[in-house]
Every structure is written in structure tokens, then in C-alpha cells.
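In our numbering, the protein residues as written are 18 to 174.
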């Protein structure tokens with residue numbers, strides 16, 4: 018990882034809010050001329066600080082009317098259990114994020130499905146059928162984006 022200064026951090030914060038910001042506008046926003054700003058962005062891309070640019074898409078546009086977090090506790094720890102779990106979920110379109118976490122559970126998955134029946138089928142027939150999975154717990158996302166960060170004027174995912 019490269020050393021980041023205050024200007025680099027300003028660039029990163031601006032790009033986090035708008036990854037499509039043209040270099041000219043980015044440079045103006047942070048108070049730097051376009052050429053050095055572009056060089057800094059390129060340096061951070063090449064170093065892996067900036068890992069890519071994506072679009073935030075409304076889940077409903079993809080038919081994901083219900084979004085949930087599913088916590089997963091593995092009953093079979095170690096490389097075999099972990100590999101079995103990750104291989105079983107790798108190609109699942111319903112899973113939009115997979116996070117390895119600490120605490121009482123091992124993984125938290127963000128899952129998007131069309132309806133409650135699809136959610137039940139996914140949990141029962143996919144997750145709970147993986148031999149290394151001991152337990153799952155589901156939290157339905159009621160609303161996203163309307164939080165304290167937005168109230169302070171910051172954009173959120």
C-alpha cells in the first residue's frame with residue numbers, strides 16, 4: 018500500500034461520492050490542477066488503493082424486491098468447511114456481498130430476492146443445505162440510505 022497524503026484523501030473522498038467525476042472537475046473540487054490530479058488518481062489505481070468503479074443500481078431494477086442480511090455460522094471450521102461454504106455460494110446471483118466477520122457468526126451475506134417465497138427457498142434449499150452451515154439468521158432491510166449520514170449531507174449507498 019502506498020503512503021497517502023491529505024490531497025490523496027480528498028481525492029478518494031470525492032471519488033467515493035461520485036466515481037464518474039471527470040478529472041477536470043475533481044481537480045477543481047480539491048484545489049489541484051488537472052495533470053497532477055490525474056497522476057495521483059492513476060497512481061492510486063495502479064497501487065490498488067482505488068480498486069475500481071461501479072454503478073449503484075436500485076435492487077428493484079434487478080427484481081430484488083426483498084433485501085436481507087443473512088448471518089451464517091459454520092459448524093465445520095477450518096479450510097474444508099470454509100472452502101465448502103464459499104464454493105457453494107460462489108455462483109449464487111442472489112448474494113450481492115459476502116463478508117467474513119468476527120463474533121458469534123462467521124459470515125454476513127447481503128442477499129436480494131424477488132419475494133418472501135424466494136427468500137425462504139434460498140435460505141432452506143441453498144444455505145441450510147450446505148453441510149458446513151450450522152445456523153443462519155436473517156434480518157430484512159426495511160429501508161436503506163435514509164440514515165444519519167444523509168442527514169449530515171453525505172451521500173450513501
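Every residue, glycine too, gets a C-beta built ideally from N, C-alpha and C.
Any beta strand (DSSP E) of 3 or more consecutive residues that is wholly inside the stretch 71 to 101: At a cut-off of 3 residues, the continuous stretches assigned as beta strand (DSSP E) that sit fully inside the stretch 71 to 101 are 83 to 91.
On the premise that residue 57 lies in contact with residue 19, defined as a C-beta separation below 8 Å, what is that separation, rounded to the nearest angstrom? Contact doesn't hold; Cβ gap of about 10 Å is too wide.
Residues that DSSP places opposite residue 127 in a beta bridge: Under DSSP, residue 127 forms a beta bridge with 86, 114.
If you pair each beta-carbon of the stretch 79 to 89 with each one of the stretch 148 to 156, do three or more pairs fall below 8 Å? Flag = yes, the stretch 79 to 89 and the stretch 148 to 156 touch.
Report yes if the C-beta distance between residue 82 and residue 127 is below 9 Å; otherwise report no. Pairing residue 82 with residue 127 gives a Cβ-Cβ distance that is not under 9 Å.
Roughly how many angstroms lie between the CA atoms of residue 74 and residue 80, to the nearest whole one? Roughly 11 Å between the two C-alpha positions.
With DSSP collapsed to three states, give me the class of residue 119. Of the three classes helix, strand and coil, the one that applies to residue 119 here is coil, per DSSP.
Whole-angstrom distance between residue 31 and residue 51, CA atom to CA atom: Distance between the alpha carbons of residue 51 and residue 31 is about 14 Å.
Compute the minimum distance between the beta carbon of residue 82 and the heavy atoms of the ligand HEM, and state whether it is under 8 Å. As presented, the structure is devoid of all ligands, the ligand HEM included, so that no description of it is given.
If you check the beta carbons only, do residue 102 and residue 146 fall under 9 Å apart? With contacts defined as CB atoms closer than 9 Å, residue 102 and residue 146 fail to qualify as a contacting pair.
Along the beta strand (DSSP E) that carries residue 20, what are the first and last residues, could you check? Here residue 20 belongs to no beta strand (DSSP E), and DSSP marks it neither H nor E.
For residue 149, write down the residues that DSSP places opposite it in a beta bridge. Beta-bridge pairing links residue 149 to no other residue.
What is the DSSP secondary structure of residue 66, reduced to helix, strand or coil? Secondary structure at residue 66: coil, using DSSP grouped into helix, strand and coil.
To the nearest angstrom, report how far apart residue 35 and residue 114 are at their CA atoms. Between the C-alpha atoms of residue 35 and residue 114 there is a straight-line separation of about 21 Å.
Determine the direct distance from the alpha carbon of residue 118 to that of residue 21, and round the result to whole angstroms. Each residue's Cα considered, the two are about 27 Å apart.
Sequence-distant residues of its chain with Cβ nearer than 8 Å to residue 140 (five each side left out): 87, 153, 155.
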